[in-house]
Amino acid sequence: MSESQITQDMSIGEVMDKFPATDKVFMKYFGDGCFTCPGAKTENIAFGCTMHGVAVEDIMADLNEVISQ
Numbered sequence: 001m002s003e004s005q006i007t008q009d010m011s012i013g014e015v016m017d018k019f020p021a022t023d024k025v026f027m028k029y030f031g032d033g034c035f036t037c038p039g040a041k042t043e044n045i046a047f048g049c050t051m052h053g054v055a056v057e058d059i060m061a062d063l064n065e066v067i068s069q
């Protein structure tokens, strides 16, 4: 398992930059607009979940699963 863990307070852009494999998870939960949204660089995962009606626990489980592989 990776030493790093993604938290809901991390910005979406930070996570995508640090862990490129997470792109598919963001696409699944937030759609492809995430990749062109200027807010993705500064907005955290929890805020994105609120905006998209996504359960934080679901996306966090998938994000951390992807980086553990």
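First residue of the sequence shown? That's 1 in the UniProt record's numbering, and the numbers climb one at a time after it. Idealized CB from N, CA, C, for every residue including glycine.
Discussion item. Check this for me: beta carbons of residue 29 and residue 67, under 8 Å apart or not?
Written reply: When the beta-carbon positions are compared, residue 29 and residue 67 stay at least 8 Å from each other.
Discussion item. Am I right that residue 64 and residue 5 are in contact with their C-beta atoms under 8 Å? What's the rounded C-beta distance?
Written reply: Right, the Cβ-Cβ distance comes to about 6 Å (below 8 Å), so this counts as a contact.
Discussion item. Using a Cβ-Cβ cutoff of less than 6 Å, which residues in the same chain neighbour residue 40 once the five nearest sequence positions on both sides are dropped?
Written reply: Excluding residues within five positions, the ones whose Cβ falls inside 6 Å are 12, 13 and 34.
Worksheet item: Along the chain, where does the alpha helix (DSSP H) that runs through residue 57 open and close?
Response: DSSP places residue 57 in the uninterrupted alpha helix (DSSP H) bounded by 56-68.
Worksheet item: So, is residue 56 buried or exposed, given that buried needs 16 or more other C-beta atoms within 10 angstroms?
Response: So residue 56 ends up on the exposed side.
Item to complete: Ignoring anything shorter than 4 residues or poking outside the stretch 31-58, list the alpha helix (DSSP H) runs there in chain order.
Response: For the stretch 31-58, the full-length alpha helix (DSSP H) segments reaching 4 residues or more read 45-52 along the chain.
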